[in-house]
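Peer 1:
2 protein chains.
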Amino acid sequence: MAELTPVMKNFILHWGEMGSSWGINRTAAQIYAMLYLSPEAMTAEEICETLSLARSTVSTGLHELLGWGVIRILHVLGDRRDHYESMHDIWEMFRIILEERKRREVDPTLTMLRENVSEPSGREELDPYVEERLLEMLEFFEIINALYKQFEQMPTETYKKAVRMGDNLTKVMSLIAQN
Amino acid sequence: MAELTPVMKNFILHWGEMGSSWGINRTAAQIYAMLYLSPEAMTAEEICETLSLARSTVSTGLHELLGWGVIRILHVLGDRRDHYESMHDIWEMFRIILEERKRREVDPTLTMLRENVSEPSGREELDPYVEERLLEMLEFFEIINALYKQFEQMPTETYKKAVRMGDNLTKVMSLIAQN
DNA sequence: CGTTTATTTCGGTAAAATCCGAAATATCCG
DNA sequence: CGGATATTTCGGATTTTACCGAAATAAACG
Numbered sequence: 000m001a002e003l004t005p006v007m008k009n010f011i012l013h014w015g016e017m018g019s020s021w022g023i024n025r026t027a028a029q030i031y032a033m034l035y036l037s038p039e040a041m042t043a044e045e046i047c048e049t050l051s052l053a054r055s056t057v058s059t060g061l062h063e064l065l066g067w068g069v070i071r072i073l074h075v076l077g078d079r080r081d082h083y084e085s086m087h088d089i090w091e092m093f094r095i096i097l098e099e100r101k102r103r104e105v106d107p108t109l110t111m112l113r114e115n116v117s118e119p120s121g122r123e124e125l126d127p128y129v130e131e132r133l134l135e136m137l138e139f140f141e142i143i144n145a146l147y148k149q150f151e152q153m154p155t156e157t158y159k160k161a162v163r164m165g166d167n168l169t170k171v172m173s174l175i176a177q178n
Numbered sequence: 000m001a002e003l004t005p006v007m008k009n010f011i012l013h014w015g016e017m018g019s020s021w022g023i024n025r026t027a028a029q030i031y032a033m034l035y036l037s038p039e040a041m042t043a044e045e046i047c048e049t050l051s052l053a054r055s056t057v058s059t060g061l062h063e064l065l066g067w068g069v070i071r072i073l074h075v076l077g078d079r080r081d082h083y084e085s086m087h088d089i090w091e092m093f094r095i096i097l098e099e100r101k102r103r104e105v106d107p108t109l110t111m112l113r114e115n116v117s118e119p120s121g122r123e124e125l126d127p128y129v130e131e132r133l134l135e136m137l138e139f140f141e142i143i144n145a146l147y148k149q150f151e152q153m154p155t156e157t158y159k160k161a162v163r164m165g166d167n168l169t170k171v172m173s174l175i176a177q178n
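This is the structure:
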């Protein structure tokens, strides 16, 4: 793994760029990408060398990825160092990222909307139009929230298969919608 | 609209913060939030005053929002200035944001994966393990891509209703999955 | 046209995020 | 405990991004 082929470099660099629009910082995303391609778990030191990053940067990045829950620490007998490996099942990873996004994007907004709609601070009277818009958005977020929850509790295999046959999704949805 | 109530301020500030994790910059997100709450379309000048932003910043922000397609320009008879209003239907907006995310996050990755898997640059031999991982990810992104497309072509009313009854989604999915 | 008004572009500054290297801390072993 | 190795924390430097104000451009009007 010390040597990166051009294809691997492409992949890692691209992933780094993508990470930015995903709210993961570039180096963390690169680390993730490399672990994803690596057949074996890697030590922080190895990651440093391969990606030419400072040891501290790698430490921070790994920490962030652990926070996302998309990598794991492994321990090897007779080796004091931590070994890191990426989550193998990409679908499981997808689910984790969804949940994390919900936690970061949906939950705080939901809280804020609920607070402001139900009990406007300082007992001010709420402009009817504003209230209407807030309620509409609240309703929307409640629904999204419920959707997320559905996904959470769905077994991986279920939504995997369901999503795979996306071709028929429209039809199914239409049927449901007629209800 | 010149005066912002505390609730409005909360909403706008929160939206600004959220924008950051959404890849929209803070001021643009704030502008959007204000337009969302505004019963009437607003001019750039009014936005400046209400949010205490520089005219140029507002111009840039509006441009960005136009790029996302979540606001519109209106013209008023006898007024040379552009008036801006937010998209009213939050569901339609949701769809637009989905599409935009796909364009920014999914499409480039898909392109990159296809290129690297099918024709590794310079005719290098591809490590079998790496190829396997790339293929797995490619397959995943193809499916997500197909899913997005399904949503795109679905009439707003359809997915609105479908999503609304999320409670039953698990069951439906399970049924589909058994197929 | 020239003038006024609206909008965008642009250079520079301010703020924020990223990353490094050194120091501190923690962990393990003899 | 003392020394060696692993990991984290921290201050500062670098890079990136956001924002402002001035200047340039565009559009409308008389």
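These protein sequence lines are chains A and B, in that order. Quick note on numbering: the first sequence equals residues 0 to 178 in numbering that gives the first Met the number 0. Quick note on numbering: the second sequence equals residues 0 to 178 in numbering that gives the first Met the number 0. For glycine and all other residues, C-beta sits at the position ideal for the given N, C-alpha and C.
#1: Mind checking whether Arg71 of chain B and Glu84 of chain B have CB atoms under 8 Å apart?
#2: Is His74 of chain B helix, strand or coil by DSSP?
#3: Got a sec, what are the start and stop residues for the beta strand (DSSP E) Asp81 of chain B sits in?
#4: Closer than 8 Å, CB to CB, is Met41 of chain A near chain B or not?
#5: According to a CB-to-CB cut-off of less than 8 Å, which residues of the region 75–106 of chain A neighbour chain B?
#6: What is the DSSP secondary structure of Thr4 of chain A, reduced to helix, strand or coil?
#7: When burial is assigned at 16 or more other CB atoms within 10 Å of the CB, is Glu45 of chain A buried or exposed?
#8: Counting only beta-carbon atoms, is Tyr108 of chain B nearer than 8 Å to chain A?
#9: Is Glu135 of chain A close to chain B, meaning its C-beta is less than 8 Å from at least one C-beta of that chain?
#10: I'd like to know whether the C-beta of Lys132 of chain B is nearer than 8 Å to at least one C-beta of chain A.
#11: How many angstroms separate the CA atom of Lys8 of chain A from the CA atom of His82 of chain B?
#12: Let me confirm a value: Thr155 of chain B is counted as buried when at least 16 other C-beta atoms fall within 10 Å, else exposed. Which label applies?
#13: Any chance you could list the alpha helix (DSSP H) runs of at least 4 consecutive residues sitting entirely within the region 27–77 of chain A, in chain order?
#14: When you compare the CB positions of Met136 of chain B and His13 of chain A, do they come within less than 8 Å of one another, or not?
#15: Which value, in whole angstroms, describes the spacing of the CA atoms of Ile142 of chain A and Leu109 of chain A?
#16: Would you tell me roughly how many angstroms separate the C-alpha atoms of Gln152 of chain B and Gly77 of chain A, rounded to the nearest one?
#17: Just tell me which of A:Pro38, A:Ala40, A:Glu39, A:Leu50 has its CA closest to the CA of Ala27 of chain A.
#18: Out of B:Arg102, B:Ala43, B:Pro107, state which residue places its alpha-carbon closest to the alpha-carbon of Arg80 of chain B.
#19: Find the nearest neighbour of Gly15 of chain B within the set B:Trp21, B:Arg25, B:Val6, judged by alpha-carbon distance.
#20: Using a Cβ cut-off of 8 Å, pull out every chain B residue sitting near Leu64 of chain A, in sequence order please.
#21: Taking all protein chains shown into account, decide if Tyr31 of chain A is buried (16 or more other Cβ within 10 angstroms of its Cβ) or exposed.
#22: What did DSSP end up calling Asn24 of chain A once you bin it into helix, strand or coil?
#23: Within the 8 Å Cβ cut-off, does Val69 of chain A reach chain B?
#24: Along the region 20–35 of chain A, where does the CB come closer than 9 Å to a CB of chain B? Name the residues.
#25: Quick one: which chain A residues come within Cβ less than 7 Å of Leu125 of chain B?
#26: Which residues bound the alpha helix (DSSP H) around Val105 of chain B?
#27: Rounded to the nearest angstrom, how far is the Cβ of Arg113 of chain A from that of Leu36 of chain B, given a contact under 8 Å?
#28: Is the CB of Val129 of chain A under 8 Å away from at least one CB in chain B?
#29: Count the other CB atoms, across all protein chains shown, that sit within 10 Å of the CB of Tyr128 of chain A; report buried if there are 16 or more and exposed otherwise.
#30: Give me, in chain order, the residues of the same chain whose beta-carbon lies closer than 6 Å to that of Val75 of chain B; leave out the 5 immediate sequence neighbours on both sides.
#31: Just how far apart, CA to CA, sit Asp106 of chain A and Arg100 of chain B?
#32: If you follow the alpha helix (DSSP H) that Glu125 of chain A is in, where does it begin and where does it stop?
#33: With a threshold of 16 other CB atoms inside 10 Å of the CB of Gly60 of chain B, please say whether the residue is buried or exposed.
#34: Assuming contact is defined by CB atoms lying nearer than 8 Å, are Tyr147 of chain A and Leu97 of chain A in contact in what I supplied?
Peer 2: In brief:
#1: yes
#2: strand
#3: 81–85
#4: no
#5: Ile89, Trp90, Phe93, Arg103, Glu104
#6: coil
#7: buried
#8: A small fix is needed here, since residue 108 of chain B is Thr in this sequence, not Tyr. At least one chain A Cβ lies under 8 Å of Thr108 of chain B.
#9: yes
#10: Here residue 132 of chain B turns out to be Arg, not Lys, going by the sequence shown. Yes, its Cβ sits closer than 8 Å to a Cβ of chain A.
#11: 47 Å
#12: exposed
#13: 43–50, 54–67
#14: no
#15: 11 Å
#16: 57 Å
#17: A:Leu50
#18: B:Ala43
#19: B:Arg25
#20: Within chain B, no residue comes near Leu64 of chain A; the closest Cβ sits about 17 Å away, beyond 8 Å.
#21: buried
#22: coil
#23: no
#24: Ser20, Trp21, Gly22, Tyr35
#25: Val6
#26: It is not in any alpha helix (DSSP H) - Val105 of chain B carries neither H nor E in the DSSP assignment.
#27: Their Cβ separation, rounded to whole angstroms, is 17 Å, which puts Arg113 of chain A and Leu36 of chain B out of contact at 8 Å.
#28: yes
#29: exposed
#30: His82
#31: 20 Å
#32: For clarity, residue 125 of chain A is Leu in the given sequence; the question names Glu instead. Segment: none, Leu125 of chain A is in no alpha helix (DSSP H) and carries neither H nor E.
#33: buried
#34: yes
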